[in-house]
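Peer 1: Chains as they are written, first to last, in the numbering used here: chain P, 2 to 499; chain D, 2 to 499.
From the three backbone atoms N, C-alpha and C, an ideal C-beta is built for every residue, glycine too.
Computed from a predicted model, the values in this text were never measured in an experiment.
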């Protein structure tokens with residue numbers, strides 16, 4: 002879509018550019034970053050009235066045209082609301098310094114984030130419930146409350162030093178979408194839920210999407226108990242952390258906790274599910290498109306492996322007598338990159354995200370190198386071939402270098418196909434709003450990967466700056482956020498009437 | 002030297018083999034490791050009476066034959082004493098679990114180690130003083146106390162999960178050597194000092210040999226203040242840590258602290274210095290030799306460098322758009338190994354001892370990779386060439402991979418040549434004790450590297466099992482320890498009379 006910039010868009014573009022340049026300078030403090038973000042939100046607020054005004058006067062403004070239920074006025078999302086909420090949530094970070102957001106699950110900042118999300122749900126007059134592991138549901142009860150509902154949500158936990166949009170947009174967006182539908186006088190038939198999932202990020206416990214896996218009954222209690230809590234490696238477990246955060250205390254054990262979170266058979270609890278998310282890739286921005294309609298979600302696999310040598314003194318141990326765990330890990334890391342590139346497909350990505358070296362002293366030959374490797378592809382078979390190659394190469398390197406090798410496949414989930422009825426609803430909403438869109442795949446995975454086992458599921462992407470994500474300069478513009486939330490509102494409304 | 006085993010040596014060999022096999026099994030707890038070590042010490046104690054008895058009846062037993070001062074009885078070191086003391090010191094570790102010793106400078110376990118060393122010095126009736134950074138001196142005052150003294154010492158700090166012998170032998174050995182000389186009725190002309198140096202290991206502050214550098218006036222106050230304290234990265238400094246440990250409180254500032262520790266001009270404080278140490282290499286054991294007479298100490302260099310990319314989401318960021326800091330570091334790590342091997346000399350060693358990856362989450366493309374690289378050679382020029390190659394390759398990799406690069410040479414010390422008079426005294430002592438010996442270089446570096454700028458300096462090596470060091474299964478046998486301490490005693494005595 003090629004479009005001329007409105008006066009507001011011009012001012013907004015300038016603000017964004019200032020913010021991005023500011024972030025790029027790398028010298029900012031957390032305080033000044035947030036001050037700058039506040040300024041941006043303020044400039045948006047100043048402009049938004051006129052934007053809303055324009056829209057009200059525009060005959061092409063979006064209206065809900067469900068066959069049985071006309072909507073009295075357009076569904077309008079204020080330009081400033083969700084960015085301001087994103088800013089509030091970004092301030093709740095485990096680490097004070099720097100512009101990045103760190104919000105590990107079940108920490109104090111996570112608790113504060115939960116309180117903030119619940120307060121927004123309550124303000125929107127949703128019926129709030131939390132399940133045994135802290136998944137939060139805010140329900141707008143429909144005219145036929147016994148029908149399976151329509152859900153929309155994402156996560157608010159954040160990996161160390163990451164951005165303010167990943168997950169959070171999909172938590173806050175649905176609440177505002179529901180508020181906009183209420184303002185527009187819409188009455189849902191099926192209830193509409195705004196959701197916040199627990200522990201999508203694998204940072205603390207090593208496994209992703211704990212909440213949505215539990216809803217989909219795809220998580221084993223013994224396995225969950227076996228995972229290490231990096232904040233409490235000796236005595237921690239997911240259940241212990243949940244208990245400390247005030248959840249799971251009405252459950253007997255981990256198995257019981259998990260079964261209380263299950264949403265039962267496919268389609269029983271939700272009739273459809275949509276996750277709103279920043280793209281985390283560059284395609285929409287580069288192609289100047291507003292909405293991505295996700296048709297498939299790439300299959301993620303996570304691998305943990307270790308090389309163990311005998312260590313030694315960095316001065317005294319001769320080179321040919323060493324079995325250096327780090328050099329083995331370095332060789333495997335280079336191979337991981339090569340195997341991903343070898344498929345010649347953009348859809349294959351492989352990352353050594355974690356490499357921990359022990360004992361970790363400059364004058365000591367590394368004895369241990371513990372790696373965590375992430376491999377994804379929309380082609381599950383091709384992904385599995387890369388995983389196999391990594392394991393084989395690890396074994397070869399270990400043999401050649403006389404180091405010990407161990408590995409564990411933490412997860413190797415299948416790719417998900419999005420439900421046509423949900424994709425169609427999103428596409429129709431974009432069309433009604435005169436927003437450009439395209440169908441695309443999600444290379445990142447999300448709670449939707451598991452929600453697709455609970456109900457017909459789809460995802461709605463909006464552009465993000467240069468595709469940056471999981472880093473402090475992650476950014477989505479206020480207009481793209483407004484567009485995304487309005488499209489989400491229309492799609493939820495139409496699915497609620499289906 | 003080829004020799005038949007005595008009954009004691011056979012029993013001792015069996016004990017050692019049990020200990021080594023036990024350590025190799027990798028399943029031991031710290032408690033059972035120490036129990037096993039106690040058993041070994043006990044078995045040595047049982048045998049030592051007869052060994053001492055044999056020696057007393059033996060006409061070839063070592064006696065001091067200084068021209069002016071005959072020694073009334075042989076200088077005999079009990080087989081059990083120093084191993085038992087090493088065991089006591091090994092128990093004072095920052096980390097309770099596992100067999101390894103961790104004793105970072107100025108921690109509680111370091112304080113306990115200091116108290117133990119002072120108590121041994123006091124038991125040996127030495128005059129104890131501690132300088133402004135906690136270097137400990139135990140003086141046996143000679144008959145001409147105004148003459149420059151003879152010194153012998155090493156360090157008791159230990160890198161994470163290392164062994165019980167590195168440094169500690171050279172701290173405890175001189176105290177027992179002095180005790181043996183006292184028992185033998187020897188009277189020194191020059192005073193003899195037993196020393197314990199502060200912070201030889203670079204683990205906590207990034208720089209090695211802080212104590213001996215200060216004695217040699219080779220440490221800049223501004224530089225020392227600039228180093229990061231890994232136990233207190235925000236507000237720590239060496240001086241702050243020293244203050245908390247009870248030192249430096251009679252100094253004005255870091256410069257003042259350092260100048261109070263200086264031992265002045267070459268030869269002014271010490272007329273000679275010897276460091277007793279395990280070899281930390283395999284040569285003596287493989288060649289079945291008892292004593293190594295060190296003629297030169299390899300030149301160490303320490304390099305800190307960082308790659309910084311832009312990070313990103315491990316699923317969404319396409320491979321060709323990445324600038325992954327870890328993959329850059331992996332490539333450099335492999336090159337570091339290659340550059341050391343390329344010199345085709347056993348004397349060149351290069352080690353990536355530290356590699357820290359940020360943000361360090363499996364689903365995040367690494368944004369930062371911070372490395373610490375150790376390069377050593379007895380040929381300073383060849384060492385510097387390897388350092389230069391590493392820096393150039395780092396820059397090339399950074400350019401090729403579009404990551405940012407920074408580096409800092411933390412230290413690049415020259416190699417040290419040992420003083421012939423000290424080497425000769427050690428060699429003569431070994432000969433008198435009928436112990437096999439050879440002249441050799443030290444590939445590891447030690448406080449002696451800096452003491453060689455304070456006084457004529459030499460080192461006395463004893464064998465250690467397979468050359469293992471800086472690891473939990475570091476081991477030196479009781480008989481090799483006894484031989485080393487006796488040779489040290491004779492060498493100190495003869496240098497005291499010079």
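(1) For residue 121 of chain P, which residues from the same chain have a beta carbon less than 6 Å from its beta carbon, with the 5 sequence-adjacent residues on both sides left out?
(2) Evaluate the contact criterion for the region 160-169 of chain P versus the region 298-309 of chain D: three or more CB pairs, one atom per stretch, below 8 Å.
(3) Residues of chain D with CB under 7 Å from residue 363 of chain P, in chain order?
(4) So, do the region 257-268 of chain P and the region 415-431 of chain P have three or more beta carbon pairs nearer to each other than 8 Å?
(5) Counting C-beta neighbours from all protein chains within 10 Å, is the total for residue 47 of chain P 16 or more, i.e. buried, or is it exposed?
(6) State the start and end residues of the unbroken beta strand (DSSP E) segment that holds residue 390 of chain D.
(7) If you draw a straight line from the C-alpha of residue 435 of chain D to the C-alpha of residue 317 of chain P, how long is it?
(8) Could one say the Cβ of residue 469 of chain P lies closer than 8 Å to chain D's Cβ atoms, at least one of them?
(9) By the 7 Å beta-carbon criterion, what residues does the region 443-477 of chain P contribute toward chain A?
(10) Report the three-state DSSP secondary structure of residue 8 of chain D (helix, strand or coil).
(11) If distances are taken between C-alpha atoms only, which option among P:480, P:136, P:430 comes closest to residue 294 of chain P?
(12) Are there 16 or more other CB atoms within 10 angstroms of the CB of residue 194 of chain D, so buried, or fewer, so exposed?
(13) Assuming residue 185 of chain D contacts residue 76 of chain D under a Cβ cut-off of 8 Å, what Cβ separation, rounded to an integer in Å, is found between them?
(14) Measuring straight from C-alpha to C-alpha, what distance separates residue 255 of chain D and residue 226 of chain D?
(15) In angstroms with no decimal places, state the Cα-to-Cα distance between residue 366 of chain D and residue 284 of chain D.
(16) Is it true that the CB of residue 409 of chain P sits closer than 8 Å to the CB of residue 219 of chain P?
(17) Can you tell which of P:390, P:196, P:213 has its C-alpha closest to the C-alpha of residue 202 of chain P?
(18) Would you grab the beta carbon distance between residue 443 of chain P and residue 298 of chain P for me? Rounded to a whole angstrom, and I think it's under 8 Å.
(19) If you reduce the DSSP assignment to three classes, tell me which class residue 484 of chain P lands in.
(20) Chain P partners of residue 396 of chain D, CB-CB under 8 Å?
(21) Pick from D:353, D:497, D:249: whose alpha carbon is nearest that of residue 199 of chain D?
(22) Closer than 8 Å is the cut-off here; do at least three beta carbon pairs connect the region 89-100 of chain P with the region 140-154 of chain P?
(23) So, does the CB of residue 332 of chain D fall closer than 8 Å to a CB anywhere in chain P?
(24) Is it the case that the region 360-380 of chain P contacts the region 454-464 of chain P, given that we only count it when at least three CB pairs across the two stretches are under 8 Å?
(25) Per the DSSP calculation, residue 500 of chain D is bridged to which residue(s)?
(26) Strictly below 9 Å CB to CB, what residues from chain D border residue 338 of chain P?
(27) Please return the same chain residues whose Cβ sits closer than 6 Å to the Cβ of residue 59 of chain D, not counting the five positions on each side in sequence.
(28) Roughly how many angstroms separate the alpha carbons of residue 129 of chain P and residue 153 of chain P, rounded to a whole number?
(29) At the 8 Å Cβ level, is residue 368 of chain P part of the contact set with chain D, yes or no?
(30) Ignore the nearest five residues each way along the sequence and tell me which others in residue 282 of chain D's own chain have a CB closer than 7 Å to its CB.
(31) Less than 6 Å between C-beta atoms, sequence neighbours within five positions excluded: which residues of the same chain meet that for residue 382 of chain P?
(32) For a contact meaning CB atoms closer than 9 Å, what does residue 281 of chain D contact in chain P?
(33) Closer than 6 Å by C-beta to residue 323 of chain P: which residues in its own chain qualify, once you throw out the five before and the five after it? Chain order, please.
(34) Assuming residue 208 of chain D contacts residue 411 of chain D (C-beta within less than 8 Å), just tell me the rounded distance between them.
(35) Just to confirm the assignment, what range does the beta strand (DSSP E) spanning residue 438 of chain P have?
(36) Indicate the three-state DSSP secondary structure (helix, strand or coil) for residue 454 of chain P in the structure shown.
Peer 2: In terms of the structure at hand:
(1) Locating residue 121 of chain P in the first chain gives position 120, counting from the first residue. Excluding positions up to five away in sequence, the list reads 176.
(2) No, they do not touch.
(3) Your numbering for residue 363 of chain P matches position 362 in the first chain. Correct list: 203, 303, 354, 355, 373, 375.
(4) Taking 8 Å as the limit for Cβ pairs, the verdict is that the region 415-431 of chain P does not touch the region 257-268 of chain P.
(5) Within the first chain, residue 47 of chain P is the residue found at index 46, counting from 1. Legend: pLDDT at residue 47 of chain P = 38, less than 50; position of this residue unreliable, value from coordinates given subsequently. So residue 47 of chain P counts as exposed.
(6) Numbered from 1 along the second chain, position 389 holds the residue referred to as residue 390 of chain D. Looking at the DSSP string, residue 390 of chain D is not in any beta strand (DSSP E); the run it does join, the alpha helix (DSSP H), is 381-402.
(7) Numbered from 1 along the second chain, position 434 holds the residue referred to as residue 435 of chain D. Numbered from 1 along the first chain, position 316 holds the residue referred to as residue 317 of chain P. Between the alpha carbons of residue 435 of chain D and residue 317 of chain P lies a distance of about 27 Å.
(8) Residue mapping note: residue 469 of chain P aligns to position 468 of the first chain, counting from 1. It does: the Cβ of residue 469 of chain P has a partner Cβ on chain D nearer than 8 Å.
(9) Here the protein chains are P and D, and chain A is not one of them.
(10) Along the second chain, one-based indexing puts residue 8 of chain D at 7. Because residue 8 of chain D carries a pLDDT of 37, less than 50, the predicted location of this residue cannot be relied on, and the following value inherits that uncertainty. For residue 8 of chain D, the secondary structure class from DSSP, reduced to helix, strand or coil, is helix.
(11) As a working note, residue 294 of chain P is residue 293 in the first chain. Checked all of P:480, P:136, P:430; the closest Cα to residue 294 of chain P is P:430.
(12) Along the second chain, one-based indexing puts residue 194 of chain D at 193. Counting every other CB atom within 10 Å of its CB across the protein chains shown gives residue 194 of chain D a total of 16 or more, marking it as buried.
(13) Within the second chain, residue 185 of chain D is the residue found at index 184, counting from 1. Within the second chain, residue 76 of chain D is the residue found at index 75, counting from 1. A Cβ-Cβ separation of about 5 Å places residue 185 of chain D in contact with residue 76 of chain D under the 8 Å criterion.
(14) By 1-based counting over the second chain, the position of residue 255 of chain D is 254. By 1-based counting over the second chain, the position of residue 226 of chain D is 225. The C-alpha of residue 255 of chain D lies about 7 Å from the C-alpha of residue 226 of chain D.
(15) Position 365 of the second chain holds residue 366 of chain D. Position 283 of the second chain holds residue 284 of chain D. Residue 366 of chain D and residue 284 of chain D have their C-alpha atoms roughly 44 Å apart.
(16) Along the first chain, one-based indexing puts residue 219 of chain P at 218. Along the first chain, one-based indexing puts residue 409 of chain P at 408. No Cβ-Cβ contact shorter than 8 Å links residue 219 of chain P with residue 409 of chain P.
(17) If you number the first chain from 1, residue 202 of chain P lands on position 201. Nearest neighbour of residue 202 of chain P by Cα position, chosen from P:390, P:196, P:213, turns out to be P:213.
(18) Taking the first chain and counting its residues from 1, one reaches residue 443 of chain P at position 442. Taking the first chain and counting its residues from 1, one reaches residue 298 of chain P at position 297. The pair is a contact, with the Cβ atoms about 5 Å apart (cut-off 8 Å).
(19) By one-based count along the first chain, residue 484 of chain P stands at place 483. Judged by DSSP in its simplified three-state form, residue 484 of chain P adopts helix.
(20) As a first step, residue 396 of chain D is located in the second chain; it is residue number 395 there, counting from the start. Within chain P, no C-beta atom comes less than 8 Å from the C-beta of residue 396 of chain D; the nearest is roughly 18 Å away.
(21) Taking the second chain and counting its residues from 1, one reaches residue 199 of chain D at position 198. Distances from the CA of residue 199 of chain D to each of D:353, D:497, D:249 were compared; the closest alpha carbon is that of D:249.
(22) Counting Cβ pairs under 8 Å, fewer than three are found: no touch.
(23) Within the second chain, numbered from 1, the residue matching residue 332 of chain D stands at position 331. So, interface residue.
(24) Contact fails: fewer than three Cβ-Cβ distances are below 8 Å.
(25) Examination of residue 500 of chain D is not possible in this model, given that chain D is present from 2 through 499 alone.
(26) Position 337 of the first chain, counting from 1, holds the residue named residue 338 of chain P. Within 9 Å Cβ-Cβ: 320, 323, 325, 328, 331.
(27) The sequence position of residue 59 of chain D within the second chain is 58, counting from 1. Only weak support is given to the placement of residue 59 of chain D: the predicted model assigns it a pLDDT of 38, under 50, and the question is left unresolved by the model.
(28) Translated into the one-based positions of the first chain, residue 129 of chain P becomes position 128. Translated into the one-based positions of the first chain, residue 153 of chain P becomes position 152. If you take the alpha carbons of residue 129 of chain P and residue 153 of chain P, they lie about 14 Å apart.
(29) Within the first chain, the letter at position 367 stands for residue 368 of chain P. For residue 368 of chain P, the answer is yes, since a Cβ of chain D falls inside 8 Å of its Cβ.
(30) Counted from its first residue, the second chain places residue 282 of chain D at position 281. The residues are 444, 468.
(31) Locating residue 382 of chain P in the first chain gives position 381, counting from the first residue. Contacts found: none.
(32) Against the second chain, residue 281 of chain D aligns to sequence position 280. For residue 281 of chain D, the residues of chain P that pass the 9 Å Cβ criterion are 313, 314, 316, 317, 318, in the order they occur in the chain.
(33) On the first chain, position 322 is the one that residue 323 of chain P refers to. Only 366 meet the Cβ criterion.
(34) Stepping through the second chain from its first residue, residue 208 of chain D is reached at position 207. Stepping through the second chain from its first residue, residue 411 of chain D is reached at position 410. Going by Cβ atoms, the distance from residue 208 of chain D to residue 411 of chain D rounds to 6 Å, so yes, they are a contact pair.
(35) The residue labelled residue 438 of chain P in the question sits at position 437 within the first chain. Here the beta strand (DSSP E) through residue 438 of chain P covers 438-443.
(36) Along the first chain, read from residue 1 onward, the residue named residue 454 of chain P stands at position 453. Correct three-state label for residue 454 of chain P: coil.
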